[in-house]
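Peer 1: Quick note, the sequences are listed as chains X and L, same order.
Residue numbers for the first sequence follow numbering that gives the first Met the number 0, so the first one is 0 and each next one is one higher.
Residue numbers for the second sequence follow numbering that gives the first Met the number 0, so the first one is 0 and each next one is one higher.
Positions of the beta carbon are idealized from the N, C-alpha and C atoms, including for glycine.
Just dropping this structure here.
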Amino acid sequence: MLKRLAVAAAALFAFAGGAAFAQEPIRIGSFLAVTGPAAFLGDPEQKTLELYVEKLNAAGGVLGRKIQLTVYDSAGDAEKARAFAKRLIEQDKVDVIVGGSTTGETMAVVPLVEQAGIPFISLAGAVVIVEPVKKWVFKTPHSDRQACERIFVDMKARGLTKIALISGAGGFDKSMRAQCMQVAKNYGIEIVADESYGAGDTDMTAQLTKIRSAPGVQAVLNCGFGQGPAIVTKNYRQLGITLPLYQSHGVASKEFIKLAGGAAEGVRLPAAAILAPETLPDSDPQKKVLLDYKREFEGRFKQDVSTFGGHAYDGLMLAVEAIRRAGSTNKEAVRSALESIRGFVGIDGVFNFSPTDHVGLDVSGLRIFEVRGGGWTVVK
Amino acid sequence: MSAEFLQFLLAGLTAGAIYALVALGFTIIYNASHVINFAQGEFVMIGGMTTVSLAAAGLPLPAAIAAAVLAAAAVGLALEKFAVEPARGASVVTLIIITIGASILLRGLATLVWDKKIHALKPFSGDAPIRIGGATLAPQSLWVLGVTLVIVLLLAWFFNRTLLGKALLATSHNRLAAQLVGINVRRVLLVSFGLSAALGAIAGILTAPITFTSWDVGIMLGLKGFAAAILGGLGSGPGAIVGGLALGIVEAMGAGYVSSAYKDAIAFVVLLAVLFFLPGGLLGRRGAERV
C-alpha cells in the first residue's frame with residue numbers, strides 16, 4: 000500500500016515536473032542602443048537585463064516558468080528600433096517589451112505597441128513618452144520635466160535666477176529644453192539665452208561665446224546627452240567661463256567624466272542615488288537595493304554602475320512583479336497589474352504607478368550630484 | 000574686431016587647419032593618380048584611434064603618436080599595393096569605387112579591433128585656456144595650427160627640393176612623359192598613398208583631444224576635407240590649404256551669426272556652390288578642358 004502510494008506520488012511529481020518543463024517560457028523582448036552614439040546607455044542596460052534574467056532563471060524563474068530574453072541592437076536608430084519592435088511582436092511573440100534606450104527609439108515604437116496591445120516599459124527619459132498617458136506604455140527613468148524642476152530648485156537655493164540654455168538636436172534634448180522653458184517661471188528662473196547644436200557637432204565654442212556675452216547670465220544648463228555635453232563642458236572651460244554649469248541626468252555616468260576630463264570638475268546634475276549609494280543614510284529604503292545591484296553588476300562586469308543600467312533593472316523587475324501579480328502573461332492582466340504597483344523599491348526610486356501616472360516616481364528620488372576629484376558626490 | 004568675432008575666427012582656423020590637412024591628403028593622391036581617395040577619412044580615424052589605444056596601454060604620448068602615424072601609413076601603402084595597384088588598368092571611376100569599398104572595410108575593421116564607443120585623448124599640453132583680446136584659445140588649437148604650418152612647409156620643401164617630390168609633381172603634370180623620362184610611376188603612386196595616410200593620421204591625432212575620436216569619425220572629416228579640396232581647387236596644394244581654412248572659418252561664422260543647427264550643411268552648400276559657379280575652385284587650374 001505504502002509502496003503503491005509512493006509510486007503514485009512519484010508519478011504525480013513527474014507529471015507536475017513534466018508539465019512545468021513543457022510550459023512556455025515567459026518571453027521578454029528588448030531593443031537597445033547597444034552600439035552607436037548612445038552605446039553608453041544600451042551597453043549597461045543589456046548587461047543588466049542578461050545578468051538578472053540569468054539570476055531569476057537560476058532561482059526557478061517566474062510563476063514556475065523560465066524567462067526567455069531577446070535583445071536586439073538598434074544602435075540608437077529610431078528606424079531600426081521600429082523594425083526590431085515589429086519583429087519582437089510578430090515573430091518572437093514576446094509577452095512584454097522592456098527597452099528603448101532613447102526617446103527617439105521609444106516614440107517610434109509607441110504606435111506599434113499601442114496597436115498590438117503589448118505592455119511596454121521604456122528606459123528613456125522624455126516626458127512625452129507618458130504624457131498624455133498611453134494605455135500600454137510605461138517608463139522607469141525620471142522624466143525630463145522632473146530633472147528640470149530638481150535643477151531649478153538647486154539653482155534657486157544658490158541664488159541663480161538668470162540662466163542660459165544650450166541644447167542638442169536629439170529627441171531627449173529637445174524635449175528637456177521645452178520642459179525646462181515651460182516650468183522655469185514656476186521657480187522664478189529667467190532664461191536669457193537659448194542656443195542649440197547639431198547631432199554630430201564637434202565644436203560648440205560659437206554657441207557658448209554667444210551665451211557668455213548674454214546680459215546678466217548667472218548659470219548655464221545643457222539639455223543633452225551623448226558626446227555633445229562632454230564637448231560643451233570642454234569648450235566651456237576652454238572659453239574660460241566660470242559660471243556654474245548644469246548637465247541633465249542623461250549624462251550621469253563615469254563615461255561623461257572620462258570624456259570631459261578635468262573640465263567636468265564642478266559640473267552639477269540631477270540623478271538617481273545609484274551614482275553614490277554609499278552616501279545614503281542606512282534608514283533610506285533604497286539603500287539595500289542600490290548596494291545589491293552595484294555589487295552584482297560591478298562584480299560581474301568589472302565596470303562602474305551607471306543610472307542607465309538601473310533603468311533596465313527597474314524595467315525588468317517591474318515587468319516580473321506585474322506578471323507575478325497577474326498570475327499569467329495575459330497582456331491586459333499584466334498591464335493592469337503594472338498600474339496597480341505601489342511602493343515598489345527600485346534603483347530610480349520608489350515606484351507608485353496608477354492609471355494616470357505611468358512613471359510612478361516623484362522628484363525625491365532625484366538628487367543633485369557634483370563632479371569632485373573625478374567622481375560623483377551628492378550635494379547636501 | 001569684437002571679441003565674439005575673434006572667438007569665431009579662432010574656432011574656424013582650428014577646424015580649418017584640420018580640414019586643410021585632410022584636403023592635402025586628397026590632393027596628393029589625386030595628383031599622382033587622378034583618383035579621389037574616399038578612404039582618406041579612415042586614415043584620420045586610424046590615426047586618432049591608434050593613438051588613443053596605445054596611450055591607454057601605457058605608451059608615452061610621443062611614441063604612441065609616432066606609432067599611429069606609421070600604422071596609418073602602412074595601411075595606406077597596403078591599400079595601394081593590394082587594392083589599387085592590381086586594378087591599375089581600370090578606369091578612374093573604378094578606382095574611386097575601390098576606395099569607397101576600402102573605407103567601408105576599414106570602418107568595419109575598426110569596430111572589431113577597437114569598439115563603437117567614443118574616446119578622448121588627453122590634450123598635449125594641458126587645457127588651461129589662453130586669453131587673446133577677449134577671446135580664448137585652447138593650447139591644443141595652437142598645436143593644431145603649429146603642426147599644420149610645419150607640415151605645409153615640409154611639403155613645400157619636399158615637392159620643390161627633393162627628387163621624389165619632383166617626380167610626384169612630374170607625374171601629376173603628365174604621367175606618360177614622366178614615365179618616358181624614367182620616373183617609376185608605380186613607386187610614385189605608392190609613396191602618394193603612404194604620404195596621404197600619414198597626413199590624415201596626423202590630422203586625426205591633433206583633433207582627437209578637441210573633438211574626441213571614434214570608429215566613424217572619418218566619414219564627416221573625410222567629407223569636409225573633400226569639400227575643402229574642391230573649394231580650393233582639386234589638385235592644388237595651396238588650394239587645399241586655402242580651401243580648408245576658408246571652409247573652417249565660414250562654418251564657424253555661420254554657426255555664430257546665422258544658426259549653429261545648420262553648421263554641417265554650410266560646408267556642403269559651399270561645395271555645391273563651388274561646383275556650380277567655380278568648377279575649378281579658388282586656386283584650381285583655369286581654362287577649358289580640351290576634348
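(1) Roughly how many angstroms separate the alpha carbons of leucine 159 of chain X and phenylalanine 151 of chain X, rounded to a whole number?
(2) Grab the span of the alpha helix (DSSP H) containing phenylalanine 225 of chain L for me, first residue to last.
(3) Secondary structure at histidine 33 of chain L, three-state DSSP: helix, strand or coil?
(4) Across the segment 140-159 of chain L and the segment 201-211 of chain L, are there enough close Cβ pairs to call them in contact, namely three or more that are closer than 8 angstroms?
(5) Compare the C-beta of glutamate 79 of chain L with all C-beta atoms of chain C and state if any pair is closer than 8 angstroms.
(6) In this structure, how does DSSP classify lysine 138 of chain X when only helix, strand and coil are distinguished?
(7) Count Cβ pairs between the segment 163-179 of chain X and the segment 219-237 of chain L that sit closer than 8 angstroms; are there 3 or more?
(8) Just list the beta strand (DSSP E) runs in the segment 119-165 of chain L, keeping only unbroken ones of 3 residues or longer that don't cross its boundaries, in chain order.
(9) Does chain X have any CB closer than 8 angstroms to the CB of glycine 164 of chain L?
(10) Consider the Cβ of proline 128 of chain L: report whether some Cβ of chain X lies at a distance smaller than 8 angstroms.
(11) Is there a Cβ from chain L that is less than 8 angstroms from the Cβ of glycine 308 of chain X?
(12) What residues in its chain sit with their C-beta under 6 angstroms from that of tyrosine 18 of chain L, if we drop five residues either side in the sequence?
(13) Would the beta-carbon of alanine 67 of chain L be found less than 7 angstroms away from any heavy atom of the ligand MG?
(14) Taking aspartate 76 of chain X as the reference, which of X/Phe30, X/Val61, X/Trp375 has the closest Cα?
(15) What is the rounded straight-line gap between the Cα of valine 33 of chain X and the Cα of glutamine 22 of chain X?
(16) Using only the alpha-carbon positions, how far apart do alanine 15 of chain X and leucine 50 of chain X sit?
(17) How big is the Cα-Cα spacing for leucine 279 of chain X and valine 288 of chain X?
(18) Tell me the residue span of the beta strand (DSSP E) that contains isoleucine 25 of chain X.
(19) Is there a Cβ of chain L sitting closer than 8 angstroms to that of glutamate 194 of chain X, yes or no?
(20) In this structure, what does DSSP give as the bridge partners for serine 121 of chain X?
(21) Would you kindly report the start and end of the unbroken beta strand (DSSP E) that includes proline 237 of chain L?
(22) CB-CB under 6 angstroms to glutamine 6 of chain L, same chain, minus the five flanking residues each way: which ones, in chain order?
(23) Who are the neighbours of serine 259 of chain L on chain X, taking C-beta pairs under 8 angstroms?
(24) Taking only three categories from DSSP, how would you classify glutamate 277 of chain X?
(25) In whole angstroms, give me the CA-to-CA distance for alanine 176 of chain L and serine 32 of chain L.
(26) What ranges does the alpha helix (DSSP H) occupy inside the segment 51-80 of chain X, keeping only unbroken runs of at least 4 residues that lie completely in it?
(27) Write down the C-beta distance between tryptophan 135 of chain X and glutamate 104 of chain X rounded to the nearest angstrom, noting that I regard them as a contact closer than 8 angstroms.
(28) Any beta carbon of chain X sitting closer than 8 angstroms to that of glutamine 6 of chain L?
(29) What in chain L is Cβ-close to isoleucine 230 of chain X, meaning under 8 angstroms?
(30) Would you identify the three-state DSSP class for alanine 287 of chain L, choosing helix, strand or coil?
(31) Is there a Cβ of chain X sitting closer than 8 angstroms to that of threonine 147 of chain L, yes or no?
(32) Which residue's Cα is closest to the Cα of leucine 293 of chain L: X/Thr355, X/Leu258, X/Tyr312?
(33) With a CB to CB cut of under 6 angstroms and the five nearest residues on each side skipped, what residues in its chain are close to valine 52 of chain X?
(34) Does the segment 348-364 of chain X touch the segment 230-242 of chain X, meaning 3 or more C-beta pairs lie closer than 8 angstroms?
(35) Which residues in the same chain have their Cβ closer than 6 angstroms to the Cβ of aspartate 153 of chain X, if we skip the five residues on either side of it in sequence?
(36) According to DSSP, is aspartate 347 of chain X helix, strand or coil?
Peer 2: According to the structure data:
(1) 9 angstroms
(2) 216-231
(3) coil
(4) yes
(5) Checking the listed chains, one finds no chain C in this structure; the protein chains it contains are X and L.
(6) strand
(7) no
(8) 129-131, 134-136
(9) no
(10) yes
(11) no
(12) Lys223, Gly224, Ala227, Gly243, Leu246, Gly247
(13) You won't find the ligand MG in this model; it holds no ligand whatsoever.
(14) X/Phe30
(15) 31 angstroms
(16) In this prediction, alanine 15 of chain X has a pLDDT of 48, which is less than 50 and means its spatial position is unreliable; what the coordinates show is noted afterwards. Between alanine 15 of chain X and leucine 50 of chain X, the C-alpha separation is close to 28 angstroms.
(17) 12 angstroms
(18) 25-31
(19) yes
(20) X/Gly98, X/Lys138
(21) No beta strand (DSSP E) holds proline 237 of chain L; the alpha helix (DSSP H) holding it covers 236-252.
(22) Ala134
(23) Glu194, Ser195, Tyr196, Gly197, Asp200, Met203, Ala205, Gln206
(24) helix
(25) 14 angstroms
(26) none
(27) About 16 angstroms; that fails the 8 angstroms criterion.
(28) yes
(29) Thr210, Phe211
(30) Here the model assigns alanine 287 of chain L a pLDDT of 46, short of 50, so the residue's position is not dependable, and the following value carries that caveat. In this structure, alanine 287 of chain L counts as coil in the three-state DSSP scheme.
(31) no
(32) Given that chain L is displayed from residue 0 to residue 290, the structure contains no residue 293 of chain L and the question cannot be resolved.
(33) Ile66, Leu68
(34) no
(35) Ile367
(36) coil
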